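Undergrad:
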Amino acid sequence: MEKLEIIIEESLVGDRIDKAVSTKNAEWSRSQVQQWIKDGLVLVNGKPVKPNYKCSLNDVIGIEIPEPEELNVIPEEMDLDIYYEDADVLVVNKPKGMVVHPAPGHLTGTLVNGLMAHCKDLSGINGVLRPGIVHRIDMDTSGLLMVAKNDLAHESLVNQLVAKTVTRKYRAIVHGVIPHDYGTIEAPLGRDQKDRQSMAVVDNGKHAVTHFNVLERFKDFTFIECKLETGRTHQIRVHMKYIGYPLVGDPKYGPRKTLDLGGQALHAGILGFEHPRTGQYLEFEAPLPEYFEKLLDDLRNNR
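Under our numbering, the letters of the sequence shown match residues 3 to 305, in that order.
1. Alpha carbon to alpha carbon, how far is arginine 18 from tyrosine 55? Give it in angstroms, no decimals.
2. Which residues does DSSP list as the beta-bridge partners of tyrosine 86?
3. Which residue from Ile180, Phe275, Val75 and Asp83 puts its Cα closest to that of asparagine 161?
4. Quick one: give me the first and last residue of the alpha helix (DSSP H) that aspartate 81 is part of.
5. Roughly how many whole angstroms lie between the Cα atoms of proline 181 and tyrosine 247?
6. Could you check whether alanine 288 and glycine 264 sit closer than 8 Å to each other, using their CB atoms as the reference points?
7. For a test of the three-state rule: what should DSSP assign to alanine 267, helix, strand or coil?
8. Just the C-alpha distance for threonine 186 and valine 51, rounded to the nearest angstrom, thanks.
9. I'd like the span of the beta strand (DSSP E) that includes methionine 201, first residue to last.
10. Would you check if the distance between the CB atom of proline 253 and the CB atom of leucine 154 is smaller than 8 Å?
11. Report yes if the C-beta distance between leucine 117 and leucine 109 is below 8 Å; otherwise report no.
12. For glutamine 36, count the other beta carbons within 10 Å of its own beta carbon; 16 or more makes it buried, fewer makes it exposed. Which is it?
13. Do you know whose CA, among Lys5, Asp222 and Val164, lies nearest tryptophan 38's CA?
14. For the beta strand (DSSP E) containing phenylalanine 286, list its first residue and its last residue.
15. Over what stretch of residues does the alpha helix (DSSP H) that includes methionine 100 continue unbroken?
16. My assumption, with CB atoms under 8 Å, is that aspartate 83 sits in contact with valine 75. Please give the rounded CB distance.
17. If distances are taken between C-alpha atoms only, which option among Arg239, Leu14 and Asn115 comes closest to serine 58?
18. Return the CA-CA distance between arginine 234 and tyrosine 244, expressed in angstroms with no decimal places.
19. What span of residues does the alpha helix (DSSP H) with histidine 241 cover, start to end?
20. Is it the case that the Cβ atoms of phenylalanine 220 and arginine 305 are separated by a distance below 8 Å?
21. Any idea what DSSP makes of lysine 21, helix, strand or coil?
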């Protein structure tokens, strides 16, 4: 069980303890923190409190993070779009609509279910629910993912992500006509204080950088390529919304009136990294999915 300590600064004075703790890590939901408090895993100055406790300056918050519940993930035969595979790594093109890894209440039909049926050797570093998973893309985002088949590969790929040497380029269609040809968005991301299920640009968020360049302009839309320097949750979707050009079809961050695509027009098309054993640089490109190409054709015909 991991133990952490947080000292309350001025910006959190007067906040409920559940809110204050959940703002410290984008992976912690407020309801999850409330359960930890009820279970006696969160102490203020060494004493248990209720979830509605109001924080004071310099309060010392001690947190014991419980081990994740281990669930049985069932291998499922799937027609996976494998781009590369050897004894160490695998690169797969995930279709739109597929969840990457199981979660409580959603244990079947995920990429991990398919990977477990395809190969018996996956890195165990991320536990039972996320074997081999080094990075993720959203359910309604299509495109390339690298998967580690052993712990050596997993550690190498994670280190490359931390060092920002992995090439990750996405194609997207956004609302509005971007007037400049390229740009960089550097804005910290964290949980939206008004909606804990969403991410937002926040002052105390994690460092996040997205580079973009315009590929094609249409009457009311722009086709762009985004290159990730960091890989925060929903990064491209939130950053493009932040500068006023939200992704087409995005149900969470897009405008109320958008195109009905069953999710955002976002595709992880290019992925490059150094092979964890040989050191050779490998790069792969997955073409745009059919729905994306059709949307581009429609936009070109309605300039």
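Just so it is clear, CB atoms sit at the ideal spot from N, CA and C, and this is done for glycine as well.
Predicted model, so just to flag it, every value in this text is computed and none were measured.
TA: Taking the structure as given:
1. 5 Å
2. Val93
3. Phe275
4. Segment: none, aspartate 81 is in no alpha helix (DSSP H) and carries neither H nor E.
5. 11 Å
6. no
7. coil
8. 44 Å
9. 197-203
10. no
11. no
12. buried
13. Lys5
14. 283-287
15. Premise fails: methionine 100 is in no alpha helix (DSSP H) and is neither H nor E.
16. So it is not a contact: roughly 21 Å between Cβ atoms.
17. Leu14
18. 15 Å
19. 237-244
20. yes
21. helix
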